[in-house]
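Report on the structure given below.
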Amino acid sequence: MKKFEIGVGMFGDLAFDKETRKFADPQQKLQEILAEIRLADELGIDVFALGEHHRPDYVVSSQKWCFLQLLLSLKILS
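Mapping of the sequence shown onto my numbering: residues 9 to 86, in sequence order.
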């Protein structure tokens, strides 16, 4: 019998404030993504997928970088 997996996916898009005409802080968004990955792991979610985009309105230009930051923040590599 095949295993059923549950996953979460996101692109890391930055919110745009129409009043200030600026995007949200990219560093804050990265911290939010890392917190969401940690929570998904704690909840037993099988997959956390990140879409890669090379545009200024998306913070994830490299999934490898995000996961490296997660590993470093969990002190797995240190």
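Virtual Cβ for every residue (Gly too), placed ideally from N, Cα, C.
Coarse secondary structure for residue i, derived from DSSP in three states
i, result
"LEU22", "coil"
"LYS30", "strand"
"LEU51", "coil"
Nearest-angstrom Cα separation, counted from residue j out to residue i
i, j, result
"ALA57", "ARG63", "18 Å"
"ILE14", "GLN36", "26 Å"
"LEU8", "VAL55", "Outside the modelled stretch of the chain, which goes from 9 to 86, sits residue 8, for which no answer is possible."
"ALA32", "MET9", "45 Å"
"ALA48", "HIS61", "22 Å"
Identity of the residues DSSP links to residue i by a beta bridge
i, result
"PHE56", "VAL16"
Residue i, buried or exposed, once every other Cβ within 10 Å from all chains shown has been counted against 16
i, result
"GLY20", "buried"
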